[in-house]
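With our numbering, the residue at position 149 of the sequence shown is 323, and numbering never jumps. Take a look at the structure below.
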Amino acid sequence: MARVSQTVRAMPDVSRSRTLFEEAGRLMPGGTQLLSRRPSLFLADAWPVYAERAEGCRIWDIDGNEYIDFLAGFGPFVLGYGCEVVDRAVIEQIGKTTCSTLNNPLEVEVARRLVEVVPCAEMVRFSKCGGEADAMAIRIARGYTGRDRVLFCGYHGWHDWYIAANLSSAEALNAHLLPGVSPRGVPKGLAGTAIPFEYNNLDSLRGALEAHRGEVAAVIMEACRSKAPAPGYLEGVRRLATEHGAVLIFDEVVTGFRLALGGAQAYFGVTPDLTTFAKALGNGYPLSAVVGRREVMEGAATQFISSLYWSDAVGLAAAKASLDEMRRIDAQGLLWARGRLLKEGMTEVIARRGVPVRCVGYEPMLSLAFEVEDAGLRKTMLSVYQQEMLRRGFLAGTGHPLSVAHTEEVIAAFVSAADEAFAEVRAGLDAGDLETRLETTGGQQEGFRRLV
Ligand SMILES: Cc1ncc(COP(=O)(O)O)c(C=O)c1O
Numbered sequence: 175m176a177r178v179s180q181t182v183r184a185m186p187d188v189s190r191s192r193t194l195f196e197e198a199g200r201l202m203p204g205g206t207q208l209l210s211r212r213p214s215l216f217l218a219d220a221w222p223v224y225a226e227r228a229e230g231c232r233i234w235d236i237d238g239n240e241y242i243d244f245l246a247g248f249g250p251f252v253l254g255y256g257c258e259v260v261d262r263a264v265i266e267q268i269g270k271t272t273c274s275t276l277n278n279p280l281e282v283e284v285a286r287r288l289v290e291v292v293p294c295a296e297m298v299r300f301s302k303c304g305g306e307a308d309a310m311a312i313r314i315a316r317g318y319t320g321r322d323r324v325l326f327c328g329y330h331g332w333h334d335w336y337i338a339a340n341l342s343s344a345e346a347l348n349a350h351l352l353p354g355v356s357p358r359g360v361p362k363g364l365a366g367t368a369i370p371f372e373y374n375n376l377d378s379l380r381g382a383l384e385a386h387r388g389e390v391a392a393v394i395m396e397a398c399r400s401k402a403p404a405p406g407y408l409e410g411v412r413r414l415a416t417e418h419g420a421v422l423i424f425d426e427v428v429t430g431f432r433l434a435l436g437g438a439q440a441y442f443g444v445t446p447d448l449t450t451f452a453k454a455l456g457n458g459y460p461l462s463a464v465v466g467r468r469e470v471m472e473g474a475a476t477q478f479i480s481s482l483y484w485s486d487a488v489g490l491a492a493a494k495a496s497l498d499e500m501r502r503i504d505a506q507g508l509l510w511a512r513g514r515l516l517k518e519g520m521t522e523v524i525a526r527r528g529v530p531v532r533c534v535g536y537e538p539m540l541s542l543a544f545e546v547e548d549a550g551l552r553k554t555m556l557s558v559y560q561q562e563m564l565r566r567g568f569l570a571g572t573g574h575p576l577s578v579a580h581t582e583e584v585i586a587a588f589v590s591a592a593d594e595a596f597a598e599v600r601a602g603l604d605a606g607d608l609e610t611r612l613e614t615t616g617g618q619q620e621g622f623r624r625l626v
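So, in structure tokens, the structure goes:
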């Protein structure tokens, strides 16, 4: 087993990352492809922006620094980075074919597996990313109902149907994605087609459905995020969607293959009409899917929903191997057990250091909530915490989508480092000099906020 080091060290030298990121800013608007990978979301100048390689729960940056990664690639790696079984399946597939004139039989094999484990799944279509699968599900729902409006809760990607919410009100996405999202580039004609509702508030959904009676094609939401659904809430959503003839879509891009092999719907026992999966489906190889009831799904055969790389066999080989491996080792059982250790440990050190932080959420997808009103202070607290974790060799932040490679030993080391990091935060809060404890010029600058 690899050594777990807790030595406090100087801030890592990330100069090669910084130089490359400067060039990235000149070559690519925004510098990164995924908003969540922007260094300004972490420690700006001090953040290791580029990875050279990753294995298990470890990552090596291009400056040669090694970290244990508790941000874990933002969620796809239930089986850890570079899972041997998955990589081998991909390499074998590359030796055969990944894309040709003909379809790949793996499509049927992966679809068969999804139908076996996901309660709502009777038919399946594939795509590559989470946002793309959501857009496809919305198209299918609109086609099935002949209606235009969509009621949504939470984050669902970058496509027009969703960002259109901010055409009617500049604040519609504030509580679901992040404040100040510009709908520039989204056709103005889509105004009023995407309408938010509040999580755990059935009246909010009921009100929106009644205000647009007979016009709502779909209700799309995550079954949970860090907040648990109130008793009867998801059942109430299911009932309301049915009453109003709207297609209920669970976005399981995050919850899929984490809470249970059959997703949040299996865990909570509430079955939607359609579901989208991405992230963990291919354990880091790109594949997403829309699955659902035959009656709703089969309309997709005559809508125009088509793309060359949706049958790319790299993602499909990875998904087949991932689904089989997750089932073989009971990956979800392991995630719950490891998450329990992490939650207990973090809750204990947070209490010991008396910092205004809570470890929240379901064990396979925990997060840290920094709970101070003052947004500036909150960001400084998070930055000092991240800095101290970085000095101890950990990539840390607010989200902890664990993998099975996060062993008990690694979790114990993380908790022990967090204990020391929180001690520094506490000392800074007590002395009123938290800001001066930041060794980097840029602490966290932007926030990616979601409702649940
Ligand atoms: C719930 C949810 N839906 C959709 C997406 C978009 O997925 P992708 O980034 O693969 O397009 C995400 C991404 O984090 C997500 O969390």
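Backbone N, C-alpha and C define an ideal beta-carbon position, used for all residues, glycine too. Small disclaimer: the values here were computed from a predicted structure and weren't measured.
Query	Result
Do you know offhand how far E296's Cα is from D447's?	10 Å
Please state the DSSP three-state secondary structure of P538.	helix
Taking Cβ to Cβ, would you say L576 is nearer than 8 Å to L497?	no
Assess contact between the segment 382–390 and the segment 411–420, defined as three or more Cβ pairs (one per stretch) separated by less than 8 Å. Is contact present?	yes
Please indicate yes or no: does the CB of D334 lie closer than 7 Å to some heavy atom of ligand 1?	no
Please classify F478: is it buried, with 16 or more other beta-carbons within 10 angstroms of its beta-carbon, or exposed?	exposed
Please classify A392: does DSSP put it in a helix, a strand, or coil?	strand
Can you tell me which residues form a DSSP beta bridge with P370?	F326
Would you give the residue range spanned by the alpha helix (DSSP H) that E562 belongs to?	549–565
Measure the alpha-carbon distance for R316 versus V252 and round it to whole angstroms.	33 Å
Straight-line CA distance for F305 to R512?	Rather than Phe, the amino acid found at residue 305 in this sequence is Gly. Roughly 29 Å between the two C-alpha positions.
Cβ of E226 within 8 Å of Cβ of I236?	yes
From F424 to C327, what does the alpha carbon distance come to, in whole angstroms?	10 Å
For V470, which residues does DSSP report across the bridge?	Its beta-bridge partners do not exist; DSSP assigns none.
Suppose the cutoff is 7 Å on Cβ atoms and the five residues either side in sequence are ignored; what does the same chain contact list for T521 look like?	C533
I'd like to know if A438 contacts chain C, where contact means its C-beta is closer than 8 Å to some C-beta of that chain.	No chain C is present in this structure, which holds just one protein chain.
Taking 6 Å as the limit between beta carbons, can you name the residues of its chain near V393, skipping five residues before and five after?	L325, A415, A420, L422
Under a three-way DSSP split, which group does T610 fall into?	helix
List the whole-angstrom C-beta distance separating P538 from L461, where the pair is believed to meet the contact cut-off of C-beta under 8 Å.	Contact flag wrong, Cβ pair sits at about 20 Å.
Taking the CB atoms as reference points, tell me whether Y255 and E281 lie closer together than 8 Å.	no
Using the Cα positions of A176 and C231, report the straight-line distance between them to the nearest angstrom.	Here A176 scores only 49 on pLDDT, less than 50, and its place in the model should not be relied on; the value that follows carries that caveat. If you take the alpha carbons of A176 and C231, they lie about 10 Å apart.
Mapping DSSP to helix, strand and coil, what is M297?	strand
Excluding five sequence neighbours on each side, which residues of the same chain lie with their C-beta closer than 8 Å to the C-beta of L612?	T554, S557, V558, Q561
Can you give the Cα-Cα distance for D548 and E499, rounded to whole angstroms?	45 Å
When the Cα of S541 is compared with those of V428, G437, D607, which residue comes out closest?	V428
Out of curiosity, what's the CA-to-CA distance linking P250 and G437?	14 Å
Pull up the distance between the alpha-carbon of P186 and that of V546, whole angstroms please.	29 Å
Roughly how many angstroms lie between the CA atoms of H564 and L603, to the nearest whole one?	The sequence given here has Leu at residue 564, not His. Cα to Cα, the separation comes out at about 20 Å.
Going by the beta-carbon positions, is the gap between D486 and R527 smaller than 8 Å?	no
Closer than 7 Å to a non-hydrogen atom of ligand 1 - does that hold for the CB of Y441?	no
Considering only C-alpha positions, which residue in the set Y329, W484, S356 is nearest to V284?	W484
Using the C-alpha atoms, what's the distance from K302 back to T181?	40 Å
Can you tell me whether DSSP reads D377 as helix, strand or coil?	helix
R600 lies in the alpha helix (DSSP H); which residues open and close that run?	582–605
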